[in-house]
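**Q**
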Amino acid sequence: MTIRLPSPTKTGLIPSPHVFDVYVSATGNLIDPPHTTGRPLVSLGRIQPDEDGYGDLFREVEGELRDWIGRACVVEAMACVQTSPVKSAAGRIFTGVVARSAGAWGNEKTVCSCSGSTVWEEVRDVAKKGEL
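Quick note: the sequence shown uses this note's numbering, first residue 1154, plus one each step.
1. My understanding is that P1186 touches A1230, with C-beta atoms under 8 Å, so please give their C-beta distance in whole angstroms.
2. Counting C-beta neighbours from all protein chains within 10 Å, is the total for G1223 16 or more, i.e. buried, or is it exposed?
3. Tell me the rounded alpha-carbon separation between R1192 and R1219.
4. Under 6 Å Cβ to Cβ from V1177, same chain only, skipping five residues before and after it: list those, please.
5. Confirm, please, whether the CB-CB distance from V1228 to G1181 is below 8 Å.
6. Below 8 Å CB to CB, which residues in the same chain sit around A1179 once its five sequence neighbours on both sides are set aside?
7. On a CA-only basis, which of D1203, L1210, L1183 and G1216 is nearest D1174? Give me that one, please.
8. So V1172 is in the beta strand (DSSP E); what residue range does that whole segment cover?
9. What separation, rounded to the nearest whole angstrom, lies between the Cα atoms of I1246 and G1216?
Pasting the structure below:
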C-alpha cells in the first residue's frame, strides 16, 4: 500500500514529523470519521511520511480482502500539534472505502484518452503544479 498525504502546510499542521495509524475500520461510514467509521477492525500499522508527503506501508495481514470491501481504510494522525484550535479533523484523518479492483496495475484507469494519463500519473502531475 502506498499512501500520499497532503503537505503539512496545506493542512494546518506545523512542519514536524507526524506518525499516522493506518487501519481498516468496522464500517464504511465516512460522514464524520473516526466517530462514524467505528472501531479499528484490522490494524495495518503506522506510517511516517517523508518531507514530500509520501509514505510507504507494506504489510501482510491475516484474513481475506473480501472481508474488508465496504469498510473504511483510515489514516489517522497520532498526537498532532495544531497551530490553531481544532475545528475539524481535516489534516488529521484521511479515509476511503475499500473496494474491489482489477488487481495491481490490472486496470490502469485512464483519466483522459486525449492525454493517455492514468489516475496515478494525473495525481502526480497535479501535485507538481501545486493544485493538490
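Positions of the beta carbon are idealized from the N, C-alpha and C atoms, including for glycine.
**A** So, from the data block:
1. Position 33 of the sequence shown, counting from 1, holds the residue named residue 1186. Position 77 of the sequence shown, counting from 1, holds the residue named residue 1230. That belief does not hold up - the Cβ atoms of P1186 and A1230 are roughly 12 Å apart, past 8 Å.
2. The residue given as residue 1223 occupies position 70 in the sequence shown. That one is exposed.
3. Residue mapping note: residue 1192 aligns to position 39 of the sequence shown, counting from 1. Residue mapping note: residue 1219 aligns to position 66 of the sequence shown, counting from 1. Computed Cα separation, rounded: 19 Å.
4. Your numbering for residue 1177 matches position 24 in the sequence shown. For V1177, where only same-chain residues beyond five positions count, the Cβ hits under 6 Å are L1194, V1195, W1221, R1224 and C1226.
5. To locate residue 1181, count along the sequence shown from 1; it is residue 28. To locate residue 1228, count along the sequence shown from 1; it is residue 75. It is not a contact, given that the beta carbons lie outside the stated cut-off.
6. On the sequence shown, position 26 is the one that residue 1179 refers to. The beta carbon of A1179 sits closer than 8 Å to the beta carbons of T1190, G1191, R1192, P1193, L1194 and R1224 from its chain, once the five residues preceding and following it are set aside; these are given in chain order.
7. Reading the sequence shown from its first residue, position 21 is the one you call residue 1174. A check of alpha carbon separations from D1174 across D1203, L1210, L1183 and G1216 identifies L1210 as the nearest.
8. Sequence index remark: in the sequence shown, residue 1172 carries index 19 (1-based). Element bounds for V1172: n/a, residue is neither H nor E.
9. Position 93 of the sequence shown, counted from the first residue, corresponds to residue 1246. Position 63 of the sequence shown, counted from the first residue, corresponds to residue 1216. Straight-line Cα distance between these residues: approximately 25 Å.
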